[in-house]
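Q: Numbering (the UniProt record's numbering), first residue to last: 1 to 192.
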């Protein structure tokens, strides 16, 4: 009888581990929720069109690399599908700088550079703890994810919130099928 109870309890507790990871809102996530309420503008980002090689714990996009935890199936799928890639994040970082910087001298200096994107180059970063941000999801066709990003060049951790849209999705579509049929429609980044 004890064995049956122990086995049942173990099975019950492990069910959560086998399911999809969904983040619940924390105190820091109020800022993110407000951002999506007030500053959100849907966009359409292109999938990566070059060569993608995914092996072990890294994904290579032409000559750029993103590392990830092997056990993180969501991140692996996002990278395999070319939804998130270093060149996209480089462009995002540069545009964010141009949009948020008030210093005209900084902007002029950037425009004078031979390769203005070089300072924003994203390569060799590591994605960890990718989970669905259930508190931000609005419909079965739209899912938002939270991705932790560590960059060896900076000391802090960045958090990316991405939105994927799959017009053919419904409540019964698996997460894998949802991601495979989706487009990236929003990126938001903030420091932790």
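Every residue gets a Cβ at the ideal spot worked out from N, C-alpha and C, and that includes glycine.
Reducing DSSP to helix, strand and coil, say where residue 54 ends up.
A: Numbered from 1 along the chain shown, position 54 holds the residue referred to as residue 54. Note: residue 54 maps to strand in three-state DSSP.
Q: Assuming residue 83 is part of the alpha helix (DSSP H), what are its boundary residues?
A: Walking along the chain shown from the start, residue 83 turns up at place 83. Counting along the chain, residue 83 falls outside any alpha helix (DSSP H), and DSSP gives it neither H nor E.
Q: Assuming contact is defined by CB atoms lying nearer than 7 Å, are residue 66 and residue 125 in contact in what I supplied?
A: Here residue 66 refers to the residue found at position 66 when the chain shown is read from its first residue. Here residue 125 refers to the residue found at position 125 when the chain shown is read from its first residue. Result yes, Cβ atoms of residue 66 and residue 125 sit closer than 7 Å.
Q: With a threshold of 8 Å, are at least 3 pairs of Cβ atoms found where one atom belongs to the segment 112-127 and the other to the segment 80-94?
A: Touching, yes.
Q: Taking only runs of the alpha helix (DSSP H) that begin and end inside the segment 103-170, which ones reach a length of at least 4 residues, in chain order?
A: Runs found: 104-112.
Q: With burial defined as no fewer than 16 other Cβ atoms inside 10 Å of the residue's Cβ, what is the status of residue 103: buried or exposed?
A: For the purposes of this step, residue 103 is taken as the residue at position 103 of the chain shown. Flag for residue 103 reads exposed.
Q: Alpha carbon to alpha carbon, what distance is there between residue 112 and residue 131?
A: Here residue 131 is taken as the residue at index 131 of the chain shown, counted from 1. Here residue 112 is taken as the residue at index 112 of the chain shown, counted from 1. Approximately 40 Å, taken between the alpha carbons.
Q: Any idea what DSSP makes of residue 239, helix, strand or coil?
A: Because residue 239 is not part of the residues shown, which for the chain are 1 to 192, the question remains open.
Q: Relative to the C-alpha of residue 30, which candidate in 175, 83, 136 and 183 has its C-alpha closest?
A: Here residue 30 corresponds to residue number 30 of the chain shown, with the count starting at 1. Taking only the C-alpha atoms, the option nearest residue 30 is 136.
Q: For residue 166, which option in 185, 114, 154 and 151 has the closest C-alpha, if you only look at C-alpha atoms?
A: Translated into the one-based positions of the chain shown, residue 166 becomes position 166. Cα-wise, what sits closest to residue 166 is 185.
Q: Please report how far the alpha carbon of residue 27 lies from the alpha carbon of residue 114, in whole angstroms.
A: On the chain shown, position 27 is the one that residue 27 refers to. On the chain shown, position 114 is the one that residue 114 refers to. So the alpha carbons of these two residues sit roughly 42 Å apart.
Q: Between the Cα of residue 68 and those of 183, 148 and 182, spot the shortest distance and give me the residue it belongs to.
A: Mapped onto the chain shown, residue 68 falls at position 68. Of 183, 148 and 182, the residue nearest in Cα terms is 148.
Q: Residue 173 lies in the alpha helix (DSSP H); which residues open and close that run?
A: Stepping through the chain shown from its first residue, residue 173 is reached at position 173. Residue 173 -> no alpha helix (DSSP H), and no H or E assigned at all.
Q: Below 6 Å CB to CB, which residues in the same chain sit around residue 187 once its five sequence neighbours on both sides are set aside?
A: Indexing the chain shown from 1 puts residue 187 at position 187. Excluding sequence neighbours, residue 187 sits near 92 and 162.
Q: What residue does the alpha helix (DSSP H) around residue 30 start on, and which one ends it?
A: To locate residue 30, count along the chain shown from 1; it is residue 30. Its alpha helix (DSSP H) spans residues 29-38.
Q: Any idea what DSSP makes of residue 48, helix, strand or coil?
A: For the purposes of this step, residue 48 is taken as the residue at position 48 of the chain shown. DSSP places residue 48 in coil when its eight states are reduced to three.
Q: Out of 39, 37, 81 and 74, which one is the CA nearest neighbour of residue 183?
A: By one-based count along the chain shown, residue 183 stands at place 183. Closest by alpha carbon: 81.
Q: From this set, 88, 105, 58 and 87, which residue's C-alpha is nearest residue 75's C-alpha?
A: To locate residue 75, count along the chain shown from 1; it is residue 75. Of the listed residues, the one whose Cα sits closest to residue 75 is 58.
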